[in-house]
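Inspection log for the structure reproduced underneath, given as structure tokens.
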Amino acid sequence: MYDVIIIGAGVSGCASARELSRYQARICVLEKAEDVCCGTSKANSAIAHAGYDAPTGSLMAKLNVQGNRMMERLSKELDFAFQRIGSLVVCRDEEEMPNLQALYDRGVANGVEGLRIVGKEELRRMEPHISEDAVAALYAPSAGIVCPFGMNIAFAENAAVNGVEFRFDTSVQGIRKTERGWLIETDKGQYETRCVVNAAGVYADTIHNMVSGHKIRITPRRGDYCLLDKSAGKHVSSVIFALPGKYGKGILVTPTVHGNLLVGPTAIDTEDKEGVNTTREGLDQVLRKAGENVKDLPMRSVITSFAGLRAHEEHHEFVIGEVEDAAGFVDCAGIESPGLTASPAIGVMVAGIVRELLHLEENQAFVGTRRGILNPQELPVEERKQLIRDNPAYGNIICRCEMVTEGEIIDAIRRPLGAKSLDGVKRRTRAGMGRCQAGFCSPRVMEILARERGKNISEITKAGGGSRLVVGVNKDAL
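Here the sequence shown stands for residues 8 to 485, where the numbers follow our numbering.
Take a look at the structure:
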């Protein structure tokens, strides 16, 4: 019998788990994938939005601004990458200046600090590669970039250290009310809990509609992206947006916290909740529109493309709160952009709701800090040499593109909620994210995973489930 079961180990679910671990409660997170950060949270623009876009007075606007303000402190407490580099919303037509002014006014009303409209001369000084057509831009110094994997994993690891249990490869099949709370049917058995938090991403409507007569609808909105090599990473120094349209903020251009350049996303509605395949149509759109606001983009430096799904709720609003006709069932649904930015504040809000429902008392033993994986490249030379003398694994480079060592990969596997697959290692260490896209390091990472987890190499997967890379051989021969 749990006090709280959270369905979904994306950034909102794990932020909620971390905040709830501040209280005395037995908490469990159920996740259908093999790891945390396997859905919307792993494939997005990785931006901490300032908060000028959402309608004034909306929950989306409120939590966006709150989450942005929490980001810097959290990045230090939980040791994940975050940089406050500012953003520019580019206006390329004098006739659209009223729309830019309206965005400024909305941002001020939403409580965004430091907003100002910059003219074309200042804009070109700030961003030399800005389009020649640009006439002005809305500058938001509070915007930033973040590592979405790092933040999601940091929330989860800190929650686990504070006693939260995680059950992976566990898919929810049904939920029903009981005298004591809720009974959750999964493909791995039954779980009973006093309270449910529905943080299931694009499946949040499916979970909600199992228990409530007031139905909600989530439309998966696919976004295609292109990632450019680090040689292109300094092409812009801030996040460059187009003026928002019907389907959102359009094609953006942004540096990443790891030094790459990211271009995208599209906004293509689909009925497929697993439809994260890129399409020729989507990538053509990215390539066609990418240069509208930023000139001379080195698109020949693209090293990979990917797509992610946003959980678009039909009213374009976060749905957070106890469900009216399902006591003890708390929705955390419709978490699309700016959901990554808002996630710290979402966690606080969800934990507050559950605390009041269950009358939870404070956990005096709560540990609020976490250290990430040590990167030897960030150490002074003498400290790095000493680290390698003490542990030679930190001198063995496995991923040459990203300079990831065996020591980092071992740490990624052994730490709380450690990596079990190639993608799990990649999200934690960046091994396989470089120019060769895992072409060189995959076999060696598989060997380390097999050794550390006590498995045959034929059992190692790319991303859990049936995604084995070594097949059709005699296991005993390996």
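We treat Cβ as the ideally placed atom computed from N, Cα and C, and that holds for glycine. Quick caveat: nothing in here was measured; it's all calculated off a predicted structure.
Three-state secondary structure assigned by DSSP to residue i
{"i": "V10", "result": "Before going further, note that residue 10 is Asp rather than Val in the sequence given. Of the three classes helix, strand and coil, the one that applies to D10 here is strand, per DSSP."}
{"i": "R378", "result": "coil"}
{"i": "F313", "result": "strand"}
{"i": "C443", "result": "coil"}
{"i": "A22", "result": "helix"}
{"i": "P262", "result": "strand"}
{"i": "A438", "result": "coil"}
{"i": "Y111", "result": "helix"}
{"i": "I395", "result": "helix"}
{"i": "G17", "result": "coil"}
{"i": "E363", "result": "helix"}
{"i": "Y254", "result": "Because Y254 sits at a pLDDT of 47, beneath the cut-off of 50, its placement in the model cannot be relied upon, and the following sentence gives the value as read from the coordinates. The answer is coil: DSSP assigns Y254 none of H, G, I, E or B."}
{"i": "Q371", "result": "coil"}
{"i": "A61", "result": "coil"}
{"i": "V119", "result": "coil"}
{"i": "V43", "result": "coil"}
{"i": "I247", "result": "strand"}
{"i": "F89", "result": "strand"}
{"i": "H215", "result": "helix"}
{"i": "A68", "result": "helix"}
{"i": "I342", "result": "coil"}
{"i": "A167", "result": "helix"}
{"i": "R451", "result": "helix"}
{"i": "E101", "result": "helix"}
Sub-8 Å separation of residue i and residue j beta-carbons
{"i": "T200", "j": "V36", "result": "no"}
{"i": "A340", "j": "G74", "result": "no"}
{"i": "V293", "j": "T263", "result": "no"}
{"i": "D231", "j": "L290", "result": "yes"}
{"i": "I405", "j": "A426", "result": "no"}
{"i": "C45", "j": "I160", "result": "no"}
{"i": "L55", "j": "V96", "result": "Residue 55 is actually Ala in this sequence, not Leu. No; because the gap between Cβ atoms is not below 8 Å, this pair is not in contact."}
{"i": "F173", "j": "E38", "result": "yes"}
{"i": "V142", "j": "C98", "result": "yes"}
{"i": "A314", "j": "A50", "result": "yes"}
{"i": "S23", "j": "I14", "result": "no"}
{"i": "L268", "j": "H242", "result": "yes"}
{"i": "V115", "j": "L107", "result": "no"}
{"i": "D6", "j": "G354", "result": "Nothing in the structure corresponds to residue 6, since the chain is present only between 8 and 485."}
{"i": "I92", "j": "S244", "result": "yes"}
{"i": "G431", "j": "G208", "result": "no"}
{"i": "A206", "j": "V119", "result": "no"}
{"i": "I182", "j": "V168", "result": "no"}
{"i": "Y3", "j": "Y198", "result": "The question about residue 3 has no answer, for the chain in this structure spans 8 to 485."}
Paired residues, beta bridge with residue i - DSSP
{"i": "D140", "result": "Bridge partners of D140: none, in fact."}
{"i": "P305", "result": "Looking at the DSSP assignment, P305 forms no beta bridge with any residue, so it has no partner."}
{"i": "F173", "result": "V36"}
{"i": "H319", "result": "T226"}
{"i": "R475", "result": "T468"}
{"i": "K280", "result": "None, per the DSSP bridge assignment."}
{"i": "L145", "result": "V96, I124"}
{"i": "L268", "result": "L235, P262"}
{"i": "V337", "result": "V204, E329"}
{"i": "G181", "result": "E192"}
{"i": "G151", "result": "A55"}
{"i": "C406", "result": "V411"}
{"i": "Y30", "result": "E369"}
{"i": "Y198", "result": "I191"}
{"i": "I275", "result": "R229"}
Identity of the residue in the options nearest residue i by Cα
{"i": "M78", "options": "A53, H322, C98, A61", "result": "A53"}
{"i": "K222", "options": "L107, E331, P345", "result": "E331"}
{"i": "F59", "options": "G335, I92, P148", "result": "The sequence given here places Tyr at residue 59; Phe does not occur at that position. Measuring from the Cα of Y59, the nearest candidate turns out to be P148."}
{"i": "L234", "options": "A40, L364, A206, G266", "result": "G266"}
{"i": "F336", "options": "G17, G379, I214", "result": "I214"}
{"i": "T226", "options": "E343, E84, L66, V119", "result": "E343"}
{"i": "M217", "options": "G196, G441, I191", "result": "I191"}
{"i": "R113", "options": "D86, G93, T63", "result": "T63"}
{"i": "E369", "options": "R407, A32, E454, Y210", "result": "A32"}
{"i": "L250", "options": "S19, E101, R25", "result": "E101"}
{"i": "G282", "options": "A318, L304, H366, S449", "result": "A318"}
{"i": "F162", "options": "R458, E26, K462", "result": "E26"}
{"i": "R407", "options": "A419, C448, D212, E278", "result": "C448"}
{"i": "S474", "options": "T311, S428, V72", "result": "S428"}
{"i": "E363", "options": "E321, D42, A334, F373", "result": "A334"}
For residue j and residue i, believed in contact at Cβ under 8 Å, the rounded distance
{"i": "A88", "j": "V153", "result": "7 Å"}
{"i": "I417", "j": "A445", "result": "No, I417 and A445 are not in contact; Cβ-Cβ is about 18 Å, not under 8 Å."}
{"i": "V301", "j": "S48", "result": "In fact, because the Cβ distance is near 26 Å, the residues do not count as touching under 8 Å."}
{"i": "P383", "j": "R391", "result": "5 Å"}
{"i": "E84", "j": "G359", "result": "About 19 Å separates the two Cβ atoms, so there is no contact after all."}
Closer than 8 Å to chain B by CB, residue i
{"i": "G425", "result": "Going by chain labels, chain B is absent from the structure shown, which holds only one protein chain."}
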